[in-house]
Structure formats: structure tokens, C-alpha cells
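Per the working numbering, the very first residue in the sequence shown carries number 181; after that it's consecutive. Glycine is no exception: its CB is placed at the ideal position from the N, C-alpha and C atoms. What follows is one structure encoded as C-alpha cells, with my remarks underneath.
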Amino acid sequence: MKTIALMTSGNDAPGMNSAIRAVTRSAIYNGLRVKAVRRGYKGLIDGEIVEFQTQNVSNIIQQGGTILKSSPSKDFFSEEGRRKAYENLQREEVDALVVIGGDGTIHGARIFAQEYDLPCIAIPATIDNNLCGTDTTIGYDTALNTIMQCVDKIRDTASSHERLFFVEVLGDDAGFLALNGAIASGCEEAIIPNKDSSTDELLHSVLAGFRKTKSSSIVLVAASEEHGGAMKYADLVKKTHPNLDVRISILGHLQRGGHPTAHDRIIASRMGSAAIEALKKGLRNVMIGIDNDEIVYVPFSRAVKENRRIDHDLFDILHDVAI
């Protein structure tokens, strides 16, 4: 093996640049050439491939987003598109591909690896934290801290005006950001897609707090097309309890941006280095994961098989400390 290609794909996540830096420098340290692919799978098909040197990744460990850019590509999910991508990699004499992204990115790499004899290694980078086989994904910790900081600020207004806030956060259908964000920021309740939350139960927990000593309440809601977001639950409460001052805050894409935390920079560096070690060991078609603080290699089939399950015991903790 002499040359690897490196790309980011899917939604951006804080720490992607830290992973790009780690892969690039670990590869060069081990005598490999690095070809960087711009704009994800689209760039792979269009041939947007350039050689990276050490200086190309200088001073990026602290930057959010991805310097390689990311762009969706429907063409990659066609046989013709993947064939063109493979031909571009052959033209660049690439011996292996390292992809950085979430479940869609890894699913694409899995299909690509099944069709062509090219070792593929994936590094999990998504704020959703929904990939099986790893305790955490790059970007999740930063997004969680962003949510906590935003809710802390919203709490000031909620307390001053004795309001009930429904705060909508990202997280796909996993709910990790909503539940752990609620615990970290002292919220009264969290609503996630994979747990039934009746309006009666929601109102009971919120109103119980108002009846005791609380002058405000904050509920974190995971955005979900299927179950509805913060606006759905706010409207229900307004109809049944018009006396409550109900407000909505949708945090949106600010959760994806910002400087990665130390935790995300460290795991991105570990995973990036581990990707090169995996290739040196002759491994292929695996995702780099962290299990009990140890690097593990997770087959693609397991990583994207189903969403990682959330620990519902965390709801007991949330409710215990929210009285």
C-alpha cells in the first residue's frame, strides 16, 4: 500500500477537521501518500482529488466544519456513479479509502466496498451519536455542550418571565442530544422519537414543578418529522392550559458548528491514527469505534444495521433530579 484517499461526507460535525489532520499526518508518518477528495462522494465522482501534504492540515484541529467540504450525491447510489468514482481512484493510484461521516456515509462505503476490491475504513463523525459499535461519535460532545450553553441562556429568560419553553434540538431519530442535553442543563422533561410521551404525562411533570417551587420550566424536544417537534407539543399545551406562558426555541444548525471540544479533538485524533493502523494491519471495510475507552474495529454491517439504542434509565435520572 502506497496511497490512500481521504474524504468527508454527509452532514458536517465539529471535529471532522481534527480527524482529517490525524489521518493525513499519520499516513505521511507511515510513508503513505494522501489524496484528499473534496465535496464527498460527489467530488469522488467528479474527480475533485488533490494531494495533501503535512502543511495542508496545519492549524485546523480547532476549526469546525470540514475543510474538504461535503456535498450530497444521488449519483453515487447508482452503479454508473460508483464505477466512475472507482475509475477516478484508480487513475490516482489509490490503494485504500478513508471516509469520515455518519450512517449515510458508511452505508455508501459499504456498498462501494462490496463492488470493488478496495479497502475502506470509516471514521464515525455525526452529532447524532447513533452508530452501533462505538460509545461516542465525533461531534456529539461539542453539539451537546452547545445545547447546554443555549439552554442555560434560555433559562435566564424563562425564570425572569415565569415561562414554559419547548426547545427543539437535532439528533435524527436517536434522541441522545435531547435526553442528555436535558440532564446536563437541568431541564424538566425530554421528548424523543423512540419513547412514547403522552401529553398528560408531560403536563403532569411540568405542572407539578410549577405547583411546588419552580417559576419556569424547560422541555427539550428532539426534532422528528414523524412525531412532530417543539411546535406540536407547545400547541397542545397552549390549548389545554391557556394560562401558561408557552414559548418555543428551535436551535437548528447552530448545533453543528463551533470549535470542537477537547473530547472531540482527542477522539478524532485517536480514530484518525487508528484508521491508518487498521490499514497497516490489513483490515478493510470496518468502522473505527471506541468501546470502554479502547479502539475497536466494527464491521460496516454492524455499524449501520440499526440505530444505537438509548439507555431509558436516563429518564429516571432526569425525573429524579427535576423535582
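- Comparing alpha carbon positions, the residue from N268, S397, I372, T204 closest to H384 is S397.
- Nearest Cα to H499 within the set I225, V386, I475: V386.
- Under DSSP, the beta-bridge partners assigned to L186 are A216, V278.
- A residue is called buried when at least 16 other Cβ atoms come within 10 angstroms of its Cβ; M411 does not meet this threshold and is exposed.
- Judged by beta-carbon spacing, I372 lies within the 9 angstroms limit of A354, meaning their Cβ atoms are closer than that value.
- I200 is not a Cβ neighbour of T234, given a cutoff of 9 angstroms.
- For a cut-off of 8 angstroms, the C-beta gap from T306 to N191 is around 7 angstroms, short enough to register as a contact.
- Assignment of E260 by DSSP, reduced to helix, strand and coil, places it in the helix class.
- Using a Cβ-Cβ distance cut-off of 8 angstroms, the region 352 to 369 and the region 327 to 335 are in contact, since at least three pairs of beta carbons, one from each stretch, lie closer than that value.
- Sequence-distant Cβ neighbours of N268 in its own chain, meaning closer than 6 angstroms and more than five residues away, are G227.
- Looking at the DSSP output, A305 bridges to I318.
- When beta bridges are read from the DSSP output, M467 appears opposite A302, V478.
- Boundaries of the beta strand (DSSP E) around S397: 397 to 402.
- For a cut-off of 8 angstroms, the C-beta gap from I286 to A455 is around 13 angstroms, too long to register as a contact.
- Here S429 carries a strand assignment [DSSP, helix/strand/coil].
- Per DSSP, reduced to three states, the secondary structure at I371 is strand.
- The Cβ-Cβ distance between D444 and I318 falls below 9 angstroms.
- Going by DSSP, E231 is part of the beta strand (DSSP E) stretching over 229 to 232.
- Rounded to whole angstroms, the gap between the alpha carbons of Y320 and L311 is 11 angstroms.
- Of all alpha-carbon atoms in T322, G313, R263, the one lying nearest the alpha-carbon of A293 is that of R263.
- The residues A193, P194, I307, L350, L357, Q435, R436, in chain order, have a CB closer than 8 angstroms to that of A323 in the same chain once the five nearest residues on each side in sequence are set aside.
- For L344, the enclosing beta strand (DSSP E) begins and ends at 344 to 349.
- Shown here, D473 sits in coil according to DSSP, grouped into three states, outside any helix or strand.
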